[in-house]
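Asks: Following this message is one structure expressed as structure tokens.
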Amino acid sequence: MVLGVLIKREIKAFLKNPAFIFSLILIIVLYSVLFGIMRIGVERAVTETAKINIGVVISENTSLVTELLSLLNETTNGRVHLYNSLREAVEAESIGILIPSGFDELVKFGTVELRSSVRVFSISSTTFQAKLSTLNIIRDLIERSLPIAYSRVYGVEIPRQVKVLVSSSVLYYEREMSSQVFSFLSTLILTLPLLVGIIIGSNAGYAAQLVAFEKVEKAFEMLLSQPIKRSKIVLAKIVGASIASIIFATAYFGGIILPFTLMPPMTVVTNNTTHFQLPQLSITEIGIDPITGLILPTILAILLGLFSSGSLGILLGSLVSDERSAGILISPLTIIYMGLGFAVLFLGLELNYVIAILSGIVVVILPSLYITSLLAGRIVYLVIAVVVAVAMCIVFAILAIVVFNRDIVVLGVRIKTRRARAIFSLKK
Amino acid sequence: MSFNHAVEVYNLTKIYGGGVIGVKELSFQVYPGEIYALIGPNGSGKTTTLRIIATLIKPTSGTVRVFNVNVVEEPLKVRELIAYLPEEAGAYRDLSGLDFIKFMLSLRFTGKRLEEAVGEAIEISGLDRDLKRPVKTYSKGMKRLLALSVVLASKPNLLILDEPTAGLDVERSLLVRDLIKKYNREHGVTVLLSSHNMLEVEYLAHKVGMLYQGKLIGEGSPVELKRKLGANNLEEVFVKLKNTR
Numbered sequence: 459m460v461l462g463v464l465i466k467r468e469i470k471a472f473l474k475n476p477a478f479i480f481s482l483i484l485i486i487v488l489y490s491v492l493f494g495i496m497r498i499g500v501e502r503a504v505t506e507t508a509k510i511n512i513g514v515v516i517s518e519n520t521s522l523v524t525e526l527l528s529l530l531n532e533t534t535n536g537r538v539h540l541y542n543s544l545r546e547a548v549e550a551e552s553i554g555i556l557i558p559s560g561f562d563e564l565v566k567f568g569t570v571e572l573r574s575s576v577r578v579f580s581i582s583s584t585t586f587q588a589k590l591s592t593l594n595i596i597r598d599l600i601e602r603s604l605p606i607a608y609s610r611v612y613g614v615e616i617p618r619q620v621k622v623l624v625s626s627s628v629l630y631y632e633r634e635m636s637s638q639v640f641s642f643l644s645t646l647i648l649t650l651p652l653l654v655g656i657i658i659g660s661n662a663g664y665a666a667q668l669v670a671f672e673k674v675e676k677a678f679e680m681l682l683s684q685p686i687k688r689s690k691i692v693l694a695k696i697v698g699a700s701i702a703s704i705i706f707a708t709a710y711f712g713g714i715i716l717p718f719t720l721m722p723p724m725t726v727v728t729n730n731t732t733h734f735q736l737p738q739l740s741i742t743e744i745g746i747d748p749i750t751g752l753i754l755p756t757i758l759a760i761l762l763g764l765f766s767s768g769s770l771g772i773l774l775g776s777l778v779s780d781e782r783s784a785g786i787l788i789s790p791l792t793i794i795y796m797g798l799g800f801a802v803l804f805l806g807l808e809l810n811y812v813i814a815i816l817s818g819i820v821v822v823i824l825p826s827l828y829i830t831s832l833l834a835g836r837i838v839y840l841v842i843a844v845v846v847a848v849a850m851c852i853v854f855a856i857l858a859i860v861v862f863n864r865d866i867v868v869l870g871v872r873i874k875t876r877r878a879r880a881i882f883s884l885k886k
Numbered sequence: 004m005s006f007n008h009a010v011e012v013y014n015l016t017k018i019y020g021g022g023v024i025g026v027k028e029l030s031f032q033v034y035p036g037e038i039y040a041l042i043g044p045n046g047s048g049k050t051t052t053l054r055i056i057a058t059l060i061k062p063t064s065g066t067v068r069v070f071n072v073n074v075v076e077e078p079l080k081v082r083e084l085i086a087y088l089p090e091e092a093g094a095y096r097d098l099s100g101l102d103f104i105k106f107m108l109s110l111r112f113t114g115k116r117l118e119e120a121v122g123e124a125i126e127i128s129g130l131d132r133d134l135k136r137p138v139k140t141y142s143k144g145m146k147r148l149l150a151l152s153v154v155l156a157s158k159p160n161l162l163i164l165d166e167p168t169a170g171l172d173v174e175r176s177l178l179v180r181d182l183i184k185k186y187n188r189e190h191g192v193t194v195l196l197s198s199h200n201m202l203e204v205e206y207l208a209h210k211v212g213m214l215y216q217g218k219l220i221g222e223g224s225p226v227e228l229k230r231k232l233g234a235n236n237l238e239e240v241f242v243k244l245k246n247t248r
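For the protein sequence lines, the chains are X and A, in the order given. Start counting the first sequence at 459; every next residue gets the next number (our numbering). Start counting the second sequence at 4; every next residue gets the next number (our numbering).
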């Protein structure tokens, strides 16, 4: 009986807590949005790939090659087009395959290695994977068509089952790289926003809590009445929250990375059955210095993000009267930062002015934009993003300072409920 | 430099969002060296007035000057002249009492002056060994003494105290009152305080301003007010003034 009453009270406390209700709504909305983003990303990749033709380059024109291409054209409804070079083919059709000289001999030996190339304009793993899948379908088609073509040309059955291997490269803007390097790079580029998002998102929470806790501890008004500029208080809180976030990030990522460093090296079987060692891949292969091209931009993005999210957190924290309300306001902000990183993972990162401005505003995408701009040789987007990011830091910090100089920092936001209005009218 | 008034409040009005009136056309002056008490029931505008004078919130209209410095135009300069003890002022829970004293006073003083101020605050607080304990282990009275020690050791020209003894037991209340009186008498600190404890005010204040629904309904020394209205104490004075409105 008593236990029932106690449980009822606990459940009521949850259900009457606006933060709890708000979190529930937020989770549902968030996952719907994320699912929508994932769907858009996959649909876009599928649609793009469905329209693709295949550019084929022939090094040596033999009867077998001609017959094979004829069969391929039949099975793909005329999507095979001939070009003079692999570069020309991939620039025109996004997917290019080179049939090497001595093809007929290789067929007789039972193993044929084809060179291929795919062109991508966005660091989107879904688009890239879709194009790789198309390449694999073509490889399968060639493998299955070869016995038919061989028997048609030579009038006998093919001596042995032919294994077709495809070594693919990627053309990203004007830069060519192996598909393994691109995969590694895209994983890196798409993971960075998530990592940065976690750090920046948690920083906003820390910053808001710094103000909210001070209010709860009732030391806030004493601090505000001291002969110090409010801007100094705001800056101190931004720096304080940032240091806390850096410590948190070091512990968090250290905890994640450490077990991997202790694991034995992994070997991976690729779809064309060749083996390679994962850790050997490096961005230096494509001419990007790991320090200036990866570590420094990530640090820059984190610092800019810490400053802007810290300012936003303090701004929100100064509007509320306790840490619970701060939590309500900060949860969406934290989730937005992390969600943006997640969205990039599925939508990819195209280089255009909108994305450049957006990455400047939210900062989370900045390190990825930095690398892609360098790769594509389009520094203008990077400059725009950094300028916007710095401007946002200044704007958010000024906003936080302005709010700190207003009554609202002491009084908090007063939400007028029907009950509160009734009390006010009674007072009058 | 001598001033006619420590605090000058003219036609002060504060209207909050939603049209709620904090104070309305309030005017009063506090002379240097005086202990002036604003008294009235909850919601009468005491805290609003003190917060405006302490530069924490801005008035909707009217003028407020502290030692001739306008609180809206030069808030930083005003903050150098005042020390404010908010209602239910606490301290950072993660700090020890001593660290809290050092932190707060380091925002005002440096070097030898800081050391002296810290020493003075330690003495005022009377918390001795407890100062090394975290503030989160303190009782309400201990926290109040800690905060009061900081504002007194700041040696301001004007001490603004919002309900300085609210929620304290009799012994601690007496201690706080004695400290306020001592600093007023020995250091010439002007004190502006608020309270709804009229007995406390009678004991402490040279002059009293009675607030009701954001308006000043009576002003004078406790003796003067009691004589004028034929009342035995300030509580009776307040009730009579309120009823004659």
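All C-beta atoms in this analysis are idealised placements derived from N, C-alpha and C, irrespective of residue type, glycine included.
(1) Please list the residues of the region 681-693 of chain X that have a C-beta atom closer than 7 Å to any C-beta atom in chain A, keeping them in chain order.
(2) Hey, quick one: how far does the beta strand (DSSP E) through Asn14/A stretch, first residue to last?
(3) For Asp165/A, report the span of its beta strand (DSSP E) as first-last.
(4) What are the residues in the region 60-85 of chain A lying within 9 Å of chain X by C-beta distance?
(5) Which residues bound the beta strand (DSSP E) around Gly212/A?
(6) Nearest chain A C-beta to Leu437/X closer than 8 Å, yes or no?
(7) Do Ile595/X and Ile553/X have their CB atoms nearer than 8 Å?
(8) So, is Pro89/A buried or exposed, given that buried needs 16 or more other C-beta atoms within 10 angstroms?
(9) Is the beta carbon of Ala834/X closer than 8 Å to that of Leu431/X?
(10) Give me the Cβ distance between Tyr630/X and Val548/X, rounded to the nearest whole Å; I'm assuming they're in contact under 8 Å.
(11) Counting only the same chain and skipping the five closest in sequence on each side, list residues whose C-beta sits under 7 Å from that of Gly890/X.
(12) Can you tell me where the alpha helix (DSSP H) holding Gly122/A begins and where it ends?
(13) Mind checking if Ile18/A is an interface residue toward chain X, Cβ cutoff 8 Å exclusive?
(14) Can you check whether the C-beta of Met201/A is within less than 8 Å of a C-beta belonging to chain X?
(15) What's the gap between the Cα of Leu648/X and the Cα of Arg82/A?
(16) Compile a chain-ordered list of the residues in the region 489-512 of chain X whose CB is closer than 9 Å to at least one CB of chain A.
(17) Alpha carbon to alpha carbon, what distance is there between Glu679/X and Ser689/X?
(18) Using a Cβ cut-off of 8 Å, pull out every chain X residue sitting near Tyr87/A, in sequence order please.
(19) Which residues, taken in chain order from the region 106-120 of chain A, show a beta carbon closer than 8 Å to some beta carbon of chain X?
(20) Give the DSSP bridge partners of Gly536/X, in chain order.
(21) Given a cut-off of 8 Å, decide if Lys695/X and Leu668/X are closer than it, judged by their beta-carbon atoms.
(22) Determine the DSSP secondary structure at Ala150/A, reduced to helix, strand or coil.
(23) Looking only at C-alpha atoms, which of Gly494/X, Val820/X, Ile852/X, Ser644/X sits nearest to Thr830/X?
(24) Go through its chain and collect everything with a Cβ distance to Ser575/X's Cβ below 6 Å, but skip five positions before and after it.
(25) Can you pull the chain X neighbours of Glu126/A, defined as C-beta to C-beta under 7 Å?
(26) Along chain A, in chain order, which residues have C-beta atoms closer than 7 Å to that of Asp865/X?
(27) My guess is that Gly273/A and Ala666/X are in contact by the Cβ rule of under 8 Å, so how many angstroms apart are they, rounded?
(28) Give the residues of chain X in contact with Glu28/A, contact being defined as C-beta atoms less than 8 Å apart.
(29) Spell out whether any CB of chain X is found under 8 Å from the CB atom of Tyr39/A.
(30) Where does Lys470/X land, buried or exposed, given buried means 16+ other C-beta within 10 angstroms?
(31) Starting from Ala169/A, trace the beta strand (DSSP E) both ways and give me its first and last residue.
(32) Quick one: which chain A residues come within Cβ less than 8 Å of Glu632/X?
(33) Thinking C-beta only, is Gly763/X closer than 8 Å to Val654/X?
(34) Using a Cβ cut-off of 8 Å (strictly closer), state whether Lys676/X contacts chain A.
(35) Please list, in chain order, the residues of the region 139-154 of chain A that have any C-beta partner in chain X closer than 7 Å.
(36) Assuming contact is defined by CB atoms lying nearer than 8 Å, are Val204/A and Glu222/A in contact in what I supplied?
Replies: With the structure as the only source:
(1) Leu682, Ser683, Gln684, Pro685, Ile686, Lys687
(2) 10-18
(3) 161-165
(4) Ile60, Lys61, Pro78, Leu79, Lys80, Val81, Arg82, Glu83, Leu84, Ile85
(5) 210-215
(6) Nothing about residue 437/X can be reported from this structure: the residues present for chain X run from 459 to 886 only.
(7) no
(8) buried
(9) There is simply no residue 431/X to check, as chain X begins at 459 and stops at 886 in what is shown.
(10) Contact flag wrong, Cβ pair sits at about 11 Å.
(11) The question about residue 890/X has no answer, for chain X in this structure spans 459 to 886.
(12) 114-128
(13) no
(14) no
(15) 50 Å
(16) none
(17) 15 Å
(18) Glu679, Met680, Ser683
(19) Met107, Leu110, Arg111
(20) The partner list for Gly536/X (beta bridge, DSSP) is empty, contrary to what the question assumes.
(21) yes
(22) helix
(23) Ser644/X
(24) Leu544, Val548, Gly554, Ser627, Leu629
(25) What Glu126/A touches in chain X: nothing, since even the nearest Cβ is about 20 Å away.
(26) Ile60, Lys61
(27) This structure does not reach residue 273/A, given that chain A is present from 4 up to 248, and the question cannot be answered.
(28) Going along chain X, no residue has its Cβ under 8 Å from Glu28/A, so there is no contact; the nearest lies around 17 Å.
(29) no
(30) exposed
(31) Looking at the DSSP string, Ala169/A is not in any beta strand (DSSP E), and its letter there is neither H nor E.
(32) Near Glu632/X there are no residues of chain A at all, since even the closest Cβ is about 56 Å away, more than 8 Å.
(33) yes
(34) yes
(35) Ala150
(36) no
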